[in-house]
Each structure stands twice: as structure tokens, then as C-alpha cells.
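In case it helps, the numbering used here puts the sequence shown at residues 256 to 557.
No residue lacks a Cβ here, since even glycine has one placed at the ideal position from N, Cα and C.
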Amino acid sequence: MESLTSCLAQTHANIEIVIGDDSSDIRTRNLMDTTYLHETRISYVKNEPPLGQADNIASLFERATGDKILLIHDDDALKPDCIERLLSVWNLYPDLEIAFGDQYQMDDTGRVDVEASQQLNTDYHRTEAVVGLQDTPGRTGLIQMMPNNGWLANADLVKKISYRKQYGIGCEFVFGAQICIAARKVYYLKEYVSFYRKTDVSMSKTTARSTTAAAVLAYDFLKALKLDKSLEPARELALKRIVPIVVSVYARNHQPMQGLSIALAHLYAYNYGLSKRLYFHLMLILKGFASSGSYKSSTQNG
Numbered sequence: 256m257e258s259l260t261s262c263l264a265q266t267h268a269n270i271e272i273v274i275g276d277d278s279s280d281i282r283t284r285n286l287m288d289t290t291y292l293h294e295t296r297i298s299y300v301k302n303e304p305p306l307g308q309a310d311n312i313a314s315l316f317e318r319a320t321g322d323k324i325l326l327i328h329d330d331d332a333l334k335p336d337c338i339e340r341l342l343s344v345w346n347l348y349p350d351l352e353i354a355f356g357d358q359y360q361m362d363d364t365g366r367v368d369v370e371a372s373q374q375l376n377t378d379y380h381r382t383e384a385v386v387g388l389q390d391t392p393g394r395t396g397l398i399q400m401m402p403n404n405g406w407l408a409n410a411d412l413v414k415k416i417s418y419r420k421q422y423g424i425g426c427e428f429v430f431g432a433q434i435c436i437a438a439r440k441v442y443y444l445k446e447y448v449s450f451y452r453k454t455d456v457s458m459s460k461t462t463a464r465s466t467t468a469a470a471v472l473a474y475d476f477l478k479a480l481k482l483d484k485s486l487e488p489a490r491e492l493a494l495k496r497i498v499p500i501v502v503s504v505y506a507r508n509h510q511p512m513q514g515l516s517i518a519l520a521h522l523y524a525y526n527y528g529l530s531k532r533l534y535f536h537l538m539l540i541l542k543g544f545a546s547s548g549s550y551k552s553s554t555q556n557g
């Protein structure tokens, strides 16, 4: 319950904590009925049957009554001054719609890895060079500069976009992209405001090699998305990160032709052949052809 504890410890105390319990046991319900029985800031619902990720989060948004919403997953946590610091940006820009900051990376035990945290934020384009109001808000979501949680946004915009189960476990990426595309003002605060827990067993890792992986669903969404010309560079940058993952997924799932066609269509994702990753993936694809019987060696032909 580290996530809940971090919410209750916020220096900005005028908050409502909305919980949707999708677990298969009653441990959280028991905690609500005992430890947090008299905590008036908590609004708890046990989902029976479980709603699934997208519908559960969408229901949280709908239940929220405040004018702003912050999402935090149960594996992650907030710094004590997270809401206070993000909310302060609205004092500078009253018509702001979204604010977010940096994330610490922690392990299963809650230990923060400072070096990994710096790399995490750099990898997602959170650097000193782009602090402040974003020139192209949509870019912020497409390249995943805005984290999946720990952001603060106007409730009306959050509820309008919401999470949609049609995108499966790609719903996080789709929400982040769509809400930033819809926003007019998005602010990046160069301060650590939340903690992201990198676990050995997580949704991203357990589904990474499935054709229903978040990366595959994000790729399909990006390819079909109609964008203003100004956002095309952001789409390409997003695909540069996602394409190698998708190619690997298809190669490992006996769909080598699909993997090959995607790789060849996006060679910039492999630095036009200068990336060693391309040759590793081509090796996987060749193995896929061989195992499926659709590849015949020259020896077999002659």
C-alpha cells in the first residue's frame, strides 16, 4: 500500500483518493475496513467482477469529483510534494491543462537507483533543454515524454479522453498520446515528483513477447493515427523506439514475414543498417522462416 501511503502524505491535503480494486482477493478491502476505516479522503470500490485495466481506470476518472486528476498505479508512488509542485504551475499559467515532472526509478524493495532514474528521464526526452510549456503538446504524448502516471491534468479533459478497452494493454500509450494531442498547454517541470517501480514481474515484461503486447498495439495505433503535418516527426520518433520491439515480437511468434515487412518499412529505426539490432532481428526472422517451413536454403534447392 505504498502508493496509498504516498497519497495520504501529500503536502497538498485537499484531495480525494479514488480507488478501484480489481484484485482477486480481499486484502485491500480488509485494509479499507480496518486501517483506513475513518479516512474520509478515500473513496473505495471493490470491482466484482474485475473490470480490467482500461475500464477500471475509466471508472476512476468518472468517479473523481475534483477539478483536476492525478493517476498513480498501485506499484508506484508520489513524492510528498508531488501535487503541490505540479499544481503550482497553474499559478503561472491559469489556462494550463497538463503538468508532469521526472520519475525516480525504484526496485521491488523501494530502493531508488539515482543513475537509472537519470537515464530513464533522458530516454523519455525529459531534459533541461525542454523544460516549461511544450511548443507542440501532441509531441509530448506521442514520444511518451509524459509518464503513464504521476501527471496532473484538468478533470474535464481527462474524462473526455479517458482509457478505452478497445486498445487492450496499449490503452496507456493511446491515452497519453490522445490527451496531449487534445491539449493546448502542457508543462514539463524539471523536478522529481513520483516513483516508478521496475519489477521483475510486470505487465510489460510478461506480455512483451506476445502479439498482443503493448508495443504491438501502440504500433498499430500510431500507423493508423491521422496527424497534423507538424506532428509527423513525433510519430517517426515514436516509431523509432517501438518498431524494433514489434519486429522482435513477430519474429518470435512465427510471423517472420510480418516482422520483415515492418523492419524494411522503417529502416530509420535501425539507423539505416548501422544498428547491430537489425542483424540480430534478421537472424530471428530467418529462423522464423526456417521453422515455419517457408524458407528453403539453396542446398535444398539444388
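What would DSSP say about Asp389, mapped onto helix, strand or coil? The sequence shown places Gln at residue 389, rather than the Asp named in the question. DSSP places Gln389 in coil when its eight states are reduced to three.
Applying the 10 Å Cβ sphere with the 16-neighbour rule, what's the burial state of His521? buried
Three-state secondary structure (DSSP) at Ala264? coil
Per DSSP, what kind of secondary structure is Asp276 in: helix, strand or coil? strand
According to DSSP, simplified to helix, strand and coil, what is Asn409? strand
Is it buried or exposed for Ile281, if we count other Cβ within 10 angstroms and need 16 for buried? exposed
Straight-line Cα distance separating Glu257 from Ala264: 10 Å
Please classify Arg366 as buried or exposed, where buried requires at least 16 other C-beta atoms within 10 Å of its C-beta. exposed
Using DSSP with H/G/I as helix, E/B as strand and the rest coil, what is His310? For the sequence presented, residue 310 should be read as Asp rather than His. Three-state result, Asp310: helix.
Indicate whether at least one CB of chain D lies closer than 8 Å to the CB of Ser546. No chain D appears in the structure shown, which is made up of a single protein chain.
So Met287 is in the beta strand (DSSP E); what residue range does that whole segment cover? Counting along the chain, Met287 falls outside any beta strand (DSSP E), though it belongs to the alpha helix (DSSP H) covering Arg282 to Asp288.
Excluding the 5 residues flanking Ala489 on each side, which residues of the same chain have their C-beta closer than 6 Å to its C-beta? Arg394, Leu397 and Ile398
Which term fits Tyr422, buried or exposed, when burial requires 16 or more other beta carbons within 10 angstroms of its beta carbon? buried
Which listed residue (Tyr527, Tyr523 and Phe355) has its alpha carbon closest to that of Ile434: Phe355
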